[in-house]
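Numbering (my numbering), first residue to last: 50 to 254.
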């Protein structure tokens, strides 16, 4: 009796072209530069953060694992928080603090970041498009804004002000920190050397 050849097994992979599932978007830059820019400098986009929380960020330690000290000033004075950091690490500490604030519900437009030394890369990048465009973003007030010590007087008050003591002389810190305190509506966060910060603010933080 002749053998009937078995029907060829059709593998699932051979049943026509398969639709390759979307691989998903690549991980977005944590904080993209606002607006059409050719250089992807990390900046917060501000999308999805609409709630403004009056409470300070829920943090119990600094990026280096050191305890975070908070001093509640009497009256309408903003709360002061100190994140101990060396000058070369102050900018990174400030960036991490911005991330934490946004993660805990702060609107990007609530936050102003000041530097006493070298400008933040975002500020340097945006200023390359001209001072008018740079300050237009500040005036729009819908994103985190970065400025250096030379612009502290021009910057408007915001609920949260972060100062990165990342260089400059003692005079720069002494001028920036009190001005930053005056600009902060609810919270001033200082990332820097505690001794230098205390000397500039005139209080033990």
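Backbone N, C-alpha and C fix where the C-beta goes; we use that ideal spot for every residue, glycine too.
Go through its chain and collect everything with a Cβ distance to residue i's Cβ below 7 Å, but skip five positions before and after it.
i           : result
residue 234 : 127, 206, 207, 208
residue 139 : 213, 214, 215, 240, 241
residue 195 : 162, 169, 171, 172
To which residues of the same chain is residue i closer than 6 Å at the C-beta, ignoring the five residues directly before and after it?
i           : result
residue 36  : Outside the modelled stretch of the chain, which goes from 50 to 254, sits residue 36, for which no answer is possible.
residue 104 : The predicted position of residue 104 is uncertain, since its pLDDT is 38 and thus under 50; no value can be drawn from it.
residue 249 : 222, 223, 226
residue 142 : 112, 132, 134, 240
To which residues does DSSP link residue i through a beta bridge?
i           : result
residue 197 : 164
residue 207 : 233
residue 213 : 164, 240
Is it buried or exposed for residue i, if we count other Cβ within 10 angstroms and need 16 for buried?
i           : result
residue 175 : buried
residue 218 : exposed
residue 135 : exposed
residue 168 : buried
residue 172 : buried
residue 72  : Because the pLDDT of residue 72 is 46, which lies under 50, any placement of that residue in the model is unreliable, and the number read from its coordinates should be weighed accordingly. That one is exposed.
residue 244 : exposed
residue 63  : With a pLDDT of only 45 at residue 63, under 50, the local geometry of the prediction cannot be trusted, and the value read off the model is given with reservation. Residue 63 comes out exposed.
residue 188 : exposed
Taking the beta strand (DSSP E) that residue i falls in, what are its first and last residues?
i           : result
residue 128 : 128-133
What is the residue span of the alpha helix (DSSP H) that residue i lies within?
i           : result
residue 176 : 170-176
residue 243 : 243-250
residue 189 : 180-189
residue 142 : 139-152
Within the same chain, show all residues whose beta-carbon is closer than 8 Å to that of residue i, passing over the 5 residues directly before and after it, in chain order.
i           : result
residue 201 : 163, 224, 225, 228, 229, 232
residue 159 : 101, 150, 207, 208, 209
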